[in-house]
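Participant: Following this message is one structure expressed as structure tokens.
Numbering (full-length UniProt numbering), first residue to last: 1 to 451.
Quick look at the structure:
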């Protein structure tokens with residue numbers, strides 16, 4: 001059992017009065033992971049402010065120490081990383097426990113997969129069920145080898161390539177984790193590594209690699225996005241500010257949209273076009289959602305988001321090609337859809353089946369228990385909206401060790417006729433450790449099980 005497995009802590013969400021105020025959401029998780037990893041692969045001291053201090057990112061910090069980097073927290077959100085340089089990872093003395101984080105384990109596997117070292121990875125019960133062959137298959141092309149449980153699952157030992165070769169790889173599914181793992185592996189391979197993705201995914205890795213001094217080019221062709229990386233650069237330490245996480249911002253934003261009388265400002269949110277699909281979708285549904293003070297921070301576009309109660313939202317068909325830019329936000333979108341009028345169709349989302357949980361099944365089962373009609377297929381689902389304030393609620397739903405499922409159903413409880421309970425709120429700490437305190441400060445009613 002991983003240290004991250006522990007006793008369940010149920011939590012109940014009650015109908016809330018207006019949610020008002022400012023929601024200071026945590027730093028972007030995707031950027032935080034990458035900042036630690038690239039800082040560890042650089043020469044010199046990288047300074048990071050605004051780092052997300054959820055368990056997922058803390059596990060990546062611990063892993064970077066195990067590979068030889070010096071990682072120090074100076075004060076909340078302020079960290080430094082003394083890197084070991086490209087190809088400088090040392091062989092870790094202990095098993096690398098990545099907890100609940102698919103991003104962490106997959107990116108770290110990529111970063112070490114072209115160094116002549118061996119590392120064993122594990123995680124919590126949820127992570128041990130997630131497929132890793134999508135990472136180890138392309139790593140094998142570089143010359144690495146992986147030995148894990150049947151189905152390519154953790155615990156898994158990765159033997160890094162002793163004489164890595166550059167790779168040309170087309171990602172078989174739209175996945176920023178797969179793309180990023182291949183690019184990180186390509187850093188320590190001679191020559192040019194080329195990754196082609198048919199559908200664009202979040203590009204934080206490409207932006208950050210360029211910022212650290214890597215030679216990287218991206219072009220759009222008939223085949224899709226083609227990314228070319230020149231191997232064995234000397235990455236230069238940087239000073240970084242992590243923008244606030246749009247996936248975390250989704251929760252107070254969506255809560256404000258469905259709770260009568262609400263108005264919430266969420267400042268400094270990263271609006272990278274490869275991540276902002278949810279906000280575009282909400283506005284198409286009729287959400288009163290505005291961007292204020294748009295600007296750039298650390299190469300990433302940011303703005304302040306103001307969300308107001310929106311009783312006239314209607315269901316839409318979300319374009320399948322938008323899925324990659326909002327894949328983590330479909331669970332909370334389905335809660336908004338349940339409170340809108342009409343059908344919301346979500347297609348091209350097979351990736352949701354292999355996240356921390358099967359998120360289509362988890363949300364479909366939970367929404368049905370709350371009185372909402374849901375249809376589903378292998379890569380699609382449809383939510384029949386009941387209209388504002390018309391979701392019955394009154395259910396206890398399974399979080400399935402998935403932070404986004406837990407938070408989504410708690411948000412649902414704020415607007416439901418009867419309270420909604422999640423059977424275990426502990427996974428929320430992996431990505432959003434201040435969720436409960438922040439939502440309570442806005443006016444939400446959350447009750448922990450006294451047991």
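Glycine included, C-beta positions come from ideal geometry on N, C-alpha and C.
Note that the structure is predicted; figures quoted are calculated from it, not measured.
1) For residue 280, which option in 326, 231, 375 and 65 has the closest C-alpha, if you only look at C-alpha atoms?
2) Just the C-alpha distance for residue 260 and residue 417, rounded to the nearest angstrom, thanks.
3) In the DSSP assignment, what residue or residues form a beta bridge with residue 211?
4) Taking the runs of the beta strand (DSSP E) that are 3 residues or longer, which of them lie wholly in the segment 237-296?
5) Who are the Cβ neighbours of residue 310 in its own chain at under 7 Å, not counting the five residues just before and after it?
6) Using the Cβ count rule (16 or more neighbours within 10 Å means buried), how would you classify residue 406?
7) Give the single residue among 92, 10, 210 and 43 whose Cα lies nearest to the Cα of residue 63.
8) What residue range is occupied by the uninterrupted alpha helix (DSSP H) comprising residue 452?
9) Does DSSP put residue 121 in a helix, in a strand, or in coil?
10) If I follow the unbroken alpha helix (DSSP H) through residue 104, where does it start and stop?
11) Report the partner residues of residue 346 according to the DSSP bridge assignment.
12) Please name the residue in 164, 364 and 211 whose C-alpha comes closest to that of residue 234.
13) For residue 459 versus residue 83, is the C-beta spacing smaller than 9 Å?
14) Can you find the residues in the same chain that come closer than 6 Å, C-beta to C-beta, to residue 359, ignoring five residues on each side of it along the sequence?
15) Excluding five sequence neighbours on each side, which residues of the same chain lie with their C-beta closer than 8 Å to the C-beta of residue 131?
16) Count the other C-beta atoms from every protein chain shown that fall within 10 angstroms of the C-beta of residue 388, then say buried if there are 16 or more, exposed otherwise.
17) Please state whether the Cβ-Cβ distance between residue 54 and residue 430 is less than 9 Å.
18) Quick one: what's got a C-beta closer than 7 Å to residue 254's C-beta in the same chain, skipping five residues either side?
19) Taking 9 Å as the threshold (C-beta atoms), are residue 315 and residue 343 in contact?
20) How far does the beta strand (DSSP E) with residue 225 in it reach, from first residue to last?
21) By the 10 Å Cβ neighbour count, where 16 or more other Cβ atoms means buried, how is residue 180 classified, buried or exposed?
22) Considering only their Cβ atoms, is the gap separating residue 80 from residue 34 smaller than 9 Å?
23) Can you tell me which of 121, 217, 105 and 346 puts its alpha carbon nearest to the alpha carbon of residue 230?
24) Using alpha carbons as the reference points, say which of 18, 227, 213 and 188 lies closest to residue 203.
25) How would you label residue 168, buried or exposed, when you count the other beta carbons within 10 angstroms and need 16 or more for buried?
26) Excluding the 5 residues flanking residue 275 on each side, which residues of the same chain have their C-beta closer than 7 Å to its C-beta?
27) Run through the DSSP bridge pairs and tell me what residue 301 is partnered with.
Facilitator: If we stick to the structure as given:
1) Among 326, 231, 375 and 65, the Cα nearest to that of residue 280 belongs to 326.
2) CA-CA distance, residue 260 to residue 417, rounds to 13 Å.
3) Its beta-bridge partners do not exist; DSSP assigns none.
4) Under the rule that a run must span 3 or more residues, the beta strand (DSSP E) segments found entirely inside the segment 237-296 read 239-241 and 263-270.
5) Excluding sequence neighbours, residue 310 sits near 257, 286, 287 and 288.
6) By the Cβ neighbour-count rule, residue 406 is buried, with 16 or more other Cβ atoms within 10 Å of its own.
7) Selection 92, 10, 210 and 43 evaluated against residue 63 yields 92 as nearest (Cα-Cα).
8) There is simply no residue 452 to check, as the chain begins at 1 and stops at 451 in what is shown.
9) Residue state, collapsed to three classes: strand.
10) Segment 102-112, the alpha helix (DSSP H) holding residue 104.
11) In DSSP, residue 346 forms a bridge with 318 and 381.
12) When C-alpha distances from residue 234 are compared across 164, 364 and 211, the shortest belongs to 211.
13) With the chain covering 1 to 451 only, the question about residue 459 has no answer from this structure.
14) Shown here for residue 359: same chain residues with a beta carbon closer than 6 Å to its own, the five before and five after excluded, namely 331 and 352 in chain order.
15) The residues are 151, 152, 153 and 354.
16) Classification for residue 388: buried.
17) The answer is yes: Cβ separation under 9 Å.
18) Contacts found: 332, 335, 336 and 411.
19) Pairing residue 343 with residue 315 gives a Cβ-Cβ distance under 9 Å.
20) Secondary structure note for residue 225: its beta strand (DSSP E) is the uninterrupted segment 224-230.
21) Residue 180 is buried by the Cβ-count criterion.
22) Going by C-beta atoms, residue 34 is not nearer than 9 Å to residue 80.
23) In terms of Cα proximity to residue 230, the closest of 121, 217, 105 and 346 is 217.
24) Residue 227 is the option with its Cα nearest to residue 203.
25) Taking a 10 Å sphere around the C-beta of residue 168, we find fewer than 16 other C-beta atoms and assign the residue as exposed.
26) Taking residue 275 as the centre and dropping the five residues before and after it, the same chain places the C-beta of 202, 246 and 325 closer than 7 Å to its C-beta, in chain order.
27) Paired residues: 296.
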